[in-house]
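Okay, structure first, notes after.
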Amino acid sequence: MITIQHLVDNAKCYEKIRELRWPDDVFCPHCGSKAITKQGKDESQPDRQRYDCKDCHRKFDDLTYTIFAGHHQPLKTWILCLYFMGLNMSNSDIARELDLNESDAQQMTRHRYCG
1 MITIQHLVDN AKCYEKIREL RWPDDVFCPH CGSKAITKQG KDESQPDRQR YDCKDCHRKF
61 DDLTYTIFAG HHQPLKTWIL CLYFMGLNMS NSDIARELDL NESDAQQMTR HRYCG
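Oh and the sequence shown: position 32 is 32 in UniProt numbering, straight run, nothing missing.
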């Protein structure tokens, strides 16, 4: 069976996040500096770019200080969850569509409303 998860590309989700977050150039979310260097990709999510700020020497990635930061679900799962929430789907329907436990879907939707 083909689900919507199979039709969404995680790399495209990261490209869109970068485009929306940094329309001109990537800048450090900690100090605002544009003096950054790319530091490779995340091992667990290979489409996720890591960066190092040359001014404040802090590290960050595409999702730092976003609602998606610090979670283990793939970005495309979060994007689809938000889409389904916009359609007023129940947590159980979202879980079924995204092949998640209902408790995971509930945590994701609660995080969106509370976090």
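Glycine included, C-beta positions come from ideal geometry on N, C-alpha and C. As the structure is a prediction and not an experimental result, all values here were calculated from the model.
Item, Value
"Label A95 either buried or exposed according to how many other C-beta atoms from any shown protein chain fall within 10 Å of its C-beta, with 16 as the threshold for buried.", "buried"
"What does the Cβ neighbour count give for C53, buried or exposed, with the cut at 16 atoms within 10 Å?", "buried"
"Report all residues from its chain with a CB closer than 7 Å to the CB of R18; omit the five preceding and five following residues, and keep chain order.", "D62"
"Return the residue from the list C31, L98, M85 and H6 that minimises the CA-CA distance to T64.", "C31"
"Closer than 6 Å by C-beta to residue 118: which residues in its own chain qualify, once you throw out the five before and the five after it? Chain order, please.", "Absent from the structure is residue 118, since the part of the chain shown begins at 1 and ends at 115."
"Which first and last residues belong to the alpha helix (DSSP H) in which D93 is found?", "N91 to L98"
"Please state the DSSP three-state secondary structure of K34.", "coil"
"Can you tell me where the alpha helix (DSSP H) with F84 in it begins and where it stops?", "L75 to G86"
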